[in-house]
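In this note's numbering, the protein residues as written are 3 to 419. Working notes for the structure below.
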Ligand code: EPU
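If you want it as structure tokens, here you go:
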């Protein structure tokens with residue numbers, strides 16, 4: 003069993019290069035199988051989710067070359083196969099093979115996806131979308147079976163601007179006959195990244211990044227090339243670490259517009275931020291002001307940064323209110339923050355944080371990926387030693403986290419227990 007051990011209290015100084023976005027690459031890899039030729043992805047983060055998706059492509063007889071952040075996926079010998087439970091369960095995003103295989107072969111068999119336990123996580127919007135395009139969906143035990151004689155463009159309204167449903171429907175619709183319109187589509191930057199790759203392969207998608215996406219079906223998708231966008235959640239996590247412990251901590255390779263909600267909240271707290279092109283420099287001020295934060299769909303405050311943000315709120319002067327609105331179960335980290343000395347009252351999906359309180363190192367658990375990120379950030383700012391269990395959640399989403407933080411002065415290591 004692996005544990006992360008952090009001796010807290012060190013100032014963070016120097017530069018961290020932000021990796022490619024997990025939530026983009028996990029859709030770009032399945033999207034690549036829609037090409038009949040070779041697809042090249044640049045800036046691919048080496049995280050366990052990436053490795054799990056390579057296993058799926060190889061199961062389908064695709065050829066993957068992955069070195070120095072460049073991934074080439076060759077589909078010339080691709081075959082449609084059942085995606086078994088041991089692969090589908092490794093991550094949530096295995097479900098993007100539903101849309102991709104359905105578009106390519108009009109047939110897909112895939113076991114239920116995995117992912118963090120942060121809520122019920124139904125996929126009814128994905129399924130309704132596939133059905134609107136003409137697919138039949140059956141559930142056999144723990145497996146979905148999708149089939150269609152042909153897929154036909156349709157008007158699809160999403161009850162909620164779901165990231166996963168928007169991408170999966172886009173994947174299923176790129177080769178459908180006629181025009182598909184997705185209304186109330188999600189607007190996250192990752193969606194633009196996926197649409198850009200698909201268009202580069204020959205798809206006709208417009209409106210990605212807005213709530214109305216239009217897809218004109220095409221017969222063939224060919225070669226494609228894309229840069230994975232920088233991970234706004236990784237950047238945000240390290241920005242929060244910088245707000246707690248930074249002394250001229252520089253994050254390199256960010257896209258400012260993707261971080262606007264966080265930047266505006268950090269400024270409201272009185273944090274000294276210096277943004278220059280794709281770099282952001284952060285130093286902790288003497289005092290942090292309390293604020294209220296509510297998670298929303300993009301461009302609102304991202305749910306994936308809510309957990310690390312609550313750690314920062316424990317150091318603010320006064321009462322801060324944090325409200326989660328996307329997931330039902332994203333407060334798994336709170337009891338561990340309380341164990342470390344935080345004064346937080348939890349009321350369902352709202353955390354009332356009274357600060358500032360000193361945090362002390364403790365043995366804690368990464369109950370999910372971003373809860374784990376919160377524990378890392380807490381451990382960096384706490385006095386004494388923090389030991390984090392269940393760190394495989396963290397390694398699913400943060401590339402070289404130990405190396406990156408060590409390089410800026412943190413005392414952090416992984417041990418085998
Ligand atoms: N929802 C439904 N039915 C559906 C789909 C979604 O009810 O068919 C609900 C969900 O239960 C949730 C809300 O809609 O309450 C939003 O879900 P969404 O589909 O937008 O989330 P997702 O695509 O499953 C992605 C990210 C999450 C991130 C959310 C919101 C990936 C692989 N995951 O999930 O990232 O929190 O969007 O931005 O892209 C993470 O990185 O830690 C993470 C959980």
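The C-beta atom is built at its ideal place from N, Cα and C for all residues, glycine as well. Keep in mind the model is a prediction, meaning the values are calculated, not measured.
Check: residue i C-beta below 6 Å from any heavy atom of the ligand EPU
i: residue 123; result: yes
i: residue 128; result: yes
i: residue 234; result: no
i: residue 148; result: no
i: residue 61; result: no
i: residue 324; result: no
i: residue 95; result: yes
i: residue 219; result: no
i: residue 306; result: yes
i: residue 372; result: yes
i: residue 171; result: no
i: residue 303; result: no
i: residue 165; result: yes
Residue i vs residue j beta-carbon contact at 7 Å
i: residue 421; j: residue 326; result: No answer is possible for residue 421: it lies beyond the span of the chain, which begins at 3 and ends at 419.
i: residue 46; j: residue 66; result: no
i: residue 86; j: residue 97; result: no
i: residue 49; j: residue 233; result: no
i: residue 118; j: residue 370; result: yes
i: residue 196; j: residue 375; result: no
Classification of residue i by the beta-carbon crowding that lies within 10 angstroms, buried from 16 upward
i: residue 22; result: buried
i: residue 127; result: buried
i: residue 381; result: buried
i: residue 406; result: buried
i: residue 100; result: buried
i: residue 294; result: exposed
i: residue 151; result: exposed
i: residue 227; result: exposed
i: residue 1; result: Any question about residue 1 goes unanswered here, given that the chain covers just 3 to 419.
Distance, residue j Cα to residue i Cα
i: residue 154; j: residue 178; result: 5 Å
i: residue 15; j: residue 390; result: 23 Å
i: residue 9; j: residue 63; result: 45 Å
i: residue 367; j: residue 107; result: 42 Å
i: residue 68; j: residue 57; result: 12 Å
i: residue 297; j: residue 372; result: 14 Å
i: residue 419; j: residue 104; result: 43 Å
i: residue 410; j: residue 301; result: 30 Å
i: residue 280; j: residue 256; result: 5 Å
i: residue 285; j: residue 265; result: 13 Å
i: residue 309; j: residue 78; result: 42 Å
i: residue 396; j: residue 412; result: 17 Å
i: residue 112; j: residue 35; result: 15 Å
i: residue 247; j: residue 416; result: 21 Å
i: residue 347; j: residue 6; result: 27 Å
i: residue 211; j: residue 303; result: 16 Å
i: residue 207; j: residue 230; result: 18 Å
Notebook entry, point to check: Is it a yes or a no for the region 310-319 touching the region 338-358, going by three-plus beta-carbon pairs under 8 Å?
Noted result: yes
Note to self: Does the contact criterion of 3 or more C-beta pairs under 8 Å hold for the region 286-297 versus the region 266-273?
What the structure shows: yes
Note to self: Does the contact criterion of 3 or more C-beta pairs under 8 Å hold for the region 212-230 versus the region 326-335?
What the structure shows: no
Check: Would you say the region 149-166 touches the region 175-190, given that touching needs at least three Cβ pairs under 8 Å?
Finding: yes
Check: Does the region 137-145 come close enough to the region 69-76 to have 3 or more Cβ pairs within less than 8 Å?
Finding: no
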